[in-house]
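Enquirer: Before I ask anything, let me first share the structure, which is written out below as structure tokens.
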Amino acid sequence: MKERTLSIIKPDAVKKNAIGDILRRFENAGLTIVAAKLTTLSKAQAQGFYAVHKERPFFDSLTTFMSSGPVLISVLEGEDAIQTNRRLMGATDPAKADAGTIRKDWATDVEKNAAHGSDGPDTAKWEIGYFFSEMDLPNRL
Ligand code: ADP
Ligand code: MG
Numbered sequence: 001m002k003e004r005t006l007s008i009i010k011p012d013a014v015k016k017n018a019i020g021d022i023l024r025r026f027e028n029a030g031l032t033i034v035a036a037k038l039t040t041l042s043k044a045q046a047q048g049f050y051a052v053h054k055e056r057p058f059f060d061s062l063t064t065f066m067s068s069g070p071v072l073i074s075v076l077e078g079e080d081a082i083q084t085n086r087r088l089m090g091a092t093d094p095a096k097a098d099a100g101t102i103r104k105d106w107a108t109d110v111e112k113n114a115a116h117g118s119d120g121p122d123t124a125k126w127e128i129g130y131f132f133s134e135m136d137l138p139n140r141l
């Protein structure tokens, strides 16, 4: 099914000049980039995005990291975009990520793990709406 997902190339991967290589992987897998912005999140914006994790012990460190430098936020569209992006990223912990995945190739550790991808249709819709407006994304799915 054609669907959309939210991707974030995290500050660690942006610092490694990996934006182009990572977007290339999305496109090579048949995903289309339908909206994108390069921005630096405030701590409050990162806290809002990761609110679902606010009780986790790593929440403060994670949101400090996510607001530590520029990120490339994009909306990817295609058949099974959510699972395709998750497969391209690999496991949350790069030590457990398959060879050839984004996290295996660029992550530093389980926190500084190079990329974010929505984990399901409901979170994808919420996450896309958190960063993009109707004007950025004409409703043409
Ligand atoms: P994913 O990004 O693979 O969906 P989660 O939703 O479980 O993973 O966690 C969100 C983010 O929180 C991860 O991508 C990672 O940056 C960070 N994180 C997850 N688990 C840990 C952990 N044990 N220690 C530090 N940071 C973590
Ligand atoms: Mg998640």
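Mapping of the sequence shown onto this note's numbering: position 2 corresponds to residue 2, and the numbering continues sequentially without gaps.
Just so it is clear, CB atoms sit at the ideal spot from N, CA and C, and this is done for glycine as well.
These numbers were taken from a predicted model, which means no experiment stands behind them.
#1: Among 137, 131, 136, which one has its Cα closest to the Cα of residue 49?
#2: Let me check you understand the geometry: is the CB of residue 119 closer than 7 Å to at least one non-hydrogen atom of the ligand MG?
#3: If I follow the unbroken alpha helix (DSSP H) through residue 110, where does it start and stop?
#4: Measuring alpha carbon to alpha carbon, tell me which residue in 58, 5, 22, 1 is nearest residue 107.
#5: Residue 3 bridges to which residues according to DSSP?
#6: Do you know whose CA, among 114, 30, 74, lies nearest residue 124's CA?
Expert: In short, the structure shows the following:
#1: Position 49 of the sequence shown, counted from the first residue, corresponds to residue 49. Considering only alpha carbons, the answer is 131.
#2: By one-based count along the sequence shown, residue 119 stands at place 119. Taking non-hydrogen atoms of the ligand MG into account, the C-beta of residue 119 is found less than 7 Å away from one of them.
#3: Against the sequence shown, residue 110 aligns to sequence position 110. Taken as a continuous stretch (DSSP letters only), residue 110 belongs to no alpha helix (DSSP H), as it is neither H nor E.
#4: Within the sequence shown, residue 107 is the residue found at index 107, counting from 1. Taking only the C-alpha atoms, the option nearest residue 107 is 22.
#5: For the purposes of this step, residue 3 is identified with residue 3 of the sequence shown, where counting begins at 1. Paired residue(s): 78.
#6: The residue given as residue 124 occupies position 124 in the sequence shown. The shortest CA-to-CA distance from residue 124 to any of 114, 30, 74 is the one to 74.
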